[in-house]
Amino acid sequence: MSGSRVLVLNSGSSSVKYQLLDMRDGGRLAVGLVERIGESGSRLKHSPADGESREWNGSVPDHDSALKAMAAELDRDGLGLDSPELAAIGHRVVHGGLRFTEPTVVDDAVLAEIERLIPVAPLHNPANLTGIRTAQALRPDLPQVAVFDTAFHTTMPESAARYAIDVETADAHRVRRYGFHGTSHAYVSRETAKLLGRAPEDVNVIVLHLGNGASASAVRGGRCVDTSMGLTPLEGLVMGTRSGDTDPAVIFHLMRVGGMSADEIDTLLNKRSGLIGLCGDNDMREIRRRVDAGDERAGLAFDIYIHRLKKYIGAYYAVLGRVDAVAFTAGVGENSAPVREAALAGLEGLGLAVDGGLNAVRGDGARLISPADARVAVAVVPTDEEMEIAAQTYALVNDSGNQNLT
Ligand code: ADP
Numbered sequence: 001m002s003g004s005r006v007l008v009l010n011s012g013s014s015s016v017k018y019q020l021l022d023m024r025d026g027g028r029l030a031v032g033l034v035e036r037i038g039e040s041g042s043r044l045k046h047s048p049a050d051g052e053s054r055e056w057n058g059s060v061p062d063h064d065s066a067l068k069a070m071a072a073e074l075d076r077d078g079l080g081l082d083s084p085e086l087a088a089i090g091h092r093v094v095h096g097g098l099r100f101t102e103p104t105v106v107d108d109a110v111l112a113e114i115e116r117l118i119p120v121a122p123l124h125n126p127a128n129l130t131g132i133r134t135a136q137a138l139r140p141d142l143p144q145v146a147v148f149d150t151a152f153h154t155t156m157p158e159s160a161a162r163y164a165i166d167v168e169t170a171d172a173h174r175v176r177r178y179g180f181h182g183t184s185h186a187y188v189s190r191e192t193a194k195l196l197g198r199a200p201e202d203v204n205v206i207v208l209h210l211g212n213g214a215s216a217s218a219v220r221g222g223r224c225v226d227t228s229m230g231l232t233p234l235e236g237l238v239m240g241t242r243s244g245d246t247d248p249a250v251i252f253h254l255m256r257v258g259g260m261s262a263d264e265i266d267t268l269l270n271k272r273s274g275l276i277g278l279c280g281d282n283d284m285r286e287i288r289r290r291v292d293a294g295d296e297r298a299g300l301a302f303d304i305y306i307h308r309l310k311k312y313i314g315a316y317y318a319v320l321g322r323v324d325a326v327a328f329t330a331g332v333g334e335n336s337a338p339v340r341e342a343a344l345a346g347l348e349g350l351g352l353a354v355d356g357g358l359n360a361v362r363g364d365g366a367r368l369i370s371p372a373d374a375r376v377a378v379a380v381v382p383t384d385e386e387m388e389i390a391a392q393t394y395a396l397v398n399d400s401g402n403q404n405l406t
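Using the working numbering, the first residue of the sequence shown is number 1, and each one after it goes up by one.
See below:
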């Protein structure tokens, strides 16, 4: 095994987020973002650990140009992609279907399988593939590792993973519940166990990943047993722009009575629903400001968001039977004290409570916000998907390196 650095790439359709980490000490050497790829006004923001952030606007027509621009910035900091210190590149891949239960070193067969999954992840997998192929072209000799958002959820039992629809039809089209945000749920459930001073195998946790996209999971002894997202990230909680759960008949109704096409309804439910559809804003800070100012639409949007969240907490409490901790994470979960308070209000009978003082304190690290004598711990645990991807990538290339030696 040579280097100790891992470059993590999260390639979206019009953006690439990257982080260069040193796995000897978990240090972040550089983080950056290329936005509006293939659009007007492309922008790069690069922040090295030992220096000032740099930004530029220019033309970035495609992912190849984006990764070359990133590589040039890393070069300027003496962290270039040709460094022998770079051990591997870890890629976030959204959909791994049932086949990828673990991080996987990319080869042609793996690329083909990620491509085969495009029909169930039309927005994400094509961009993830482009990112991998572009990185391969830049460093063909380096291991490229795919880390799948779905992998952590492949332990779900069939009772949670199957929809109650005709089995042959479902299987013919690979219709089942896959779940997403798995890297975050895995990391946060483990960090929660650490915070409690217990082994992950001994702890049952409900993880609430509340970002712009949002999902809940029930984790028993370190393994996911249920999660709120399904075939796609549309199912489950109310999100920034997605509806979460609806009666599927809403779709037929909008087609037959509303005269809308499948694509129009897809856009409606994914981009114009959730908080933004309910009140015109999807940023929880703005929604809370409006609620505090007495805005009724924002108030209703907040109430619907909290009602759904509470239903999932109750459902996963029942799925797990015994709950040791509820962990809040991601943009809303880590930062919004009113959401945490409202989500658990009235659940004292389940041993769930938030200490007002602790909940109000802002902090960077993982922390408990439940009263000292609470039956169930309530925690705020900052997620770190890049660190988790880097750790899994590094562990995998080290393992295969060791195997080659024996
Ligand atoms: P994603 O990765 O899904 O894009 P994040 O986890 O970064 O999302 O979460 C983004 C969301 O977090 C924002 O849309 C906003 O609603 C919320 N958010 C960020 N900071 C705060 C804050 N200080 N208070 C309340 N909500 C916040």
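Glycine is no exception: its CB is placed at the ideal position from the N, C-alpha and C atoms.
If you reduce the DSSP assignment to three classes, tell me which class L129 lands in. One-based indexing of the sequence shown puts residue 129 at position 129. Helix at L129.
Report buried or exposed for R176, applying the criterion of at least 16 other Cβ atoms within 10 angstroms of its Cβ. Position 176 of the sequence shown, counted from the start, is the residue given in the question as residue 176. So R176 ends up on the buried side.
Going by the CB atoms, is the gap between G221 and E235 shorter than 9 Å? Sequence index remark: in the sequence shown, residue 235 carries index 235 (1-based). Sequence index remark: in the sequence shown, residue 221 carries index 221 (1-based). Cβ distance not < 9 Å, so E235 and G221 don't count as in contact.
Just tell me which of L111, P119 and V339 has its CA closest to the CA of H209. By one-based count along the sequence shown, residue 209 stands at place 209. Taking only the C-alpha atoms, the option nearest H209 is V339.
Those residues which DSSP pairs with K17 across a bridge: As a first step, residue 17 is located in the sequence shown; it is residue number 17 there, counting from the start. N10 and L33, per the DSSP bridge assignment.
Where the beta strand (DSSP E) through I206 begins and ends: Here the question's residue 206 lines up with position 206 in the sequence shown. Annotation: the continuous beta strand (DSSP E) that includes I206 extends over N204 to L210.
Opposite S2 in the DSSP bridges: which residues? Taking the first residue of the sequence shown as 1, we reach residue 2 at position 2. Answer is none; S2 lacks a bridge partner.
Note the first and the last residue of the continuous beta strand (DSSP E) segment covering N57. For the purposes of this step, residue 57 is taken as residue 57 along the sequence shown, with counting starting at 1. N57 -> beta strand (DSSP E) spans R54 to G58.
Segment contact flag, the segment 355 to 362 with the segment 302 to 309, C-beta cutoff 8 Å, min 3 pairs: No, they do not touch.
Which residue spans inside the segment 310 to 384 form an unbroken alpha helix (DSSP H) run of at least 4? For the segment 310 to 384, whole alpha helix (DSSP H) runs of length 4 or above, ordered along the chain, are 330 to 335, 337 to 344 and 356 to 360.
Closer than 8 Å to a non-hydrogen atom of the ligand ADP - does that hold for the CB of M387? Start at 1 with the first residue of the sequence shown, and residue 387 comes out as number 387. Because no heavy atom of the ligand ADP lies under 8 Å away, the Cβ of M387 does not count as near it: no.
Minimum C-alpha distance to D295 - residue among V8, C279 and M284: To locate residue 295, count along the sequence shown from 1; it is residue 295. Nearest Cα to D295 within the set V8, C279 and M284: C279.
On a CA-only basis, which of V106, E102, V147 and L129 is nearest E115? Give me that one, please. Here residue 115 is taken as the residue at index 115 of the sequence shown, counted from 1. The residue with the shortest Cα to Cα distance from E115 is L129.
For L275, which of D263, F302, S217 and S65 has the nearest alpha-carbon? Stepping through the sequence shown from its first residue, residue 275 is reached at position 275. Nearest to L275 by alpha-carbon distance, out of D263, F302, S217 and S65, is F302.
What whole-angstrom Cβ distance do V16 and H91 have, given they're in contact under 8 Å? Counting from 1 along the sequence shown, the entry for residue 16 is found at position 16. Counting from 1 along the sequence shown, the entry for residue 91 is found at position 91. Incorrect: roughly 10 Å between the Cβ atoms, too far for contact.
Check each candidate in V257, D245 and L268 and name the one with the smallest Cα separation from Y407. Not covered by the structure: residue 407. The range shown for the chain is 1 to 406.
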